[in-house]
Amino acid sequence: MKVKYLRQDYTQKLHGTLVTYKGRVYYCNVDEDTEVLKLTTLGSNKVIHKVVPEDTDLDIDSVKLGFFNCREPYSIYVKRLPLRQVRQGVSLNNISVSALTERGELVGIATSTFNAVEVQNGFDGSWPDLKTAIELLKIPGKHSIALTQDAALTSQGHVFYRGELAGRYDFARNEVNIPNNTFSQLMSKFLSAYSWKVI
Numbered sequence: 007m008k009v010k011y012l013r014q015d016y017t018q019k020l021h022g023t024l025v026t027y028k029g030r031v032y033y034c035n036v037d038e039d040t041e042v043l044k045l046t047t048l049g050s051n052k053v054i055h056k057v058v059p060e061d062t063d064l065d066i067d068s069v070k071l072g073f074f075n076c077r078e079p080y081s082i083y084v085k086r087l088p089l090r091q092v093r094q095g096v097s098l099n100n101i102s103v104s105a106l107t108e109r110g111e112l113v114g115i116a117t118s119t120f121n122a123v124e125v126q127n128g129f130d131g132s133w134p135d136l137k138t139a140i141e142l143l144k145i146p147g148k149h150s151i152a153l154t155q156d157a158a159l160t161s162q163g164h165v166f167y168r169g170e171l172a173g174r175y176d177f178a179r180n181e182v183n184i185p186n187n188t189f190s191q192l193m194s195k196f197l198s199a200y201s202w203k204v205i
């Protein structure tokens, strides 16, 4: 279901947030003089679309967050902070960004890392396959890589799913070993979607 607001509310609610237009995620700037939403891709100031708030192709509901690749030698994990605020959806003011290190630790970093072309690629569905990801992790200094918004892999074989350590990847056997715990069956089901064997 699409979330909509009245015209008088959109400046306060939408300026500086992420919106979806025709199925693609954009950064939204509101031009108060012309009452137009200027939509740019992440990592770019070039306006791609100018739309009115009532446009039926505009959806201001929160976008899905998770793992993304960026220019840095690590993937990032982005989650929304549970803050009460006036703005609708996701903005740089209500997210937490963490780098996934090779040791399998999520370490907080600046939210500006999120505003990058590579993050836009993730929103657009551009992800490396497992074989490509493993080759990229062989590059000296590369810590981790996002496989999707849900899953990431570190150069030391830590497999993360939705921000949590899910198991260890054996590069030689192409297997993910998931510890036997309460969530092991659930993790096995989700991680089986990738081209590795889950044990």
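Heads up: take any position in the sequence shown, counting from 1, add 6, and you land on the numbering used here. In this text, a Cβ means the ideal position worked out from N, Cα and C, and glycines have one as well.
Distance from Ala-105 to Glu-78 at the Cβ level is roughly 7 Å; contact confirmed, criterion being Cβ atoms closer than 8 Å. Considered as a whole, the segment 21 to 61 harbours 23 to 27, 30 to 37, 42 to 46 and 53 to 57 as its complete beta strand (DSSP E) runs of no fewer than 3 residues, in chain order. Here Gly-173 has Val-165, Val-182, Asn-183 and Ile-184 as same chain residues with Cβ atoms under 6 Å from its own Cβ, once five neighbours each way along the sequence are excluded. Shown here for Asp-156: same chain residues with a beta carbon closer than 8 Å to its own, the five before and five after excluded, namely Gly-72, Phe-73, Tyr-167, Arg-168 and Phe-196 in chain order. In the three-state scheme derived from DSSP, where H, G and I count as helix and E and B as strand, Phe-177 is classed as coil. For Gly-95, the secondary structure class from DSSP, reduced to helix, strand or coil, is coil. Residue nearest to Trp-133 within the set Val-96, Tyr-200 and Lys-56 is Tyr-200 (criterion: CA-CA distance). Per DSSP, the unbroken beta strand (DSSP E) holding Gly-114 starts and ends at 112 to 115. For Trp-202 against Leu-98, the beta-carbon gap comes to about 34 Å, at or over 8 Å, which does not count as contact. When the Cα atoms are used, Lys-44 and Gln-18 turn out to be separated by approximately 15 Å.
In the three-state scheme derived from DSSP, where H, G and I count as helix and E and B as strand, Tyr-83 is classed as strand.
Per DSSP, Asn-100 lies in no beta strand (DSSP E) and is assigned neither H nor E.
Boundaries around Leu-159 are those of the beta strand (DSSP E), 157 to 160, since no alpha helix (DSSP H) includes it. In this structure, DSSP gives Glu-170 an extended state, which the three-state scheme calls strand.
The C-beta distance from Thr-107 to His-149 rounds to 5 Å, short enough to meet the 8 Å contact threshold. Just measuring C-alpha positions, the residue of Leu-112, Glu-111, Ala-158 and Pro-59 sitting nearest Gly-128 is Ala-158. Taking a C-beta distance under 8 Å as the contact criterion, Leu-171 and Val-96 do not qualify as a contact pair.
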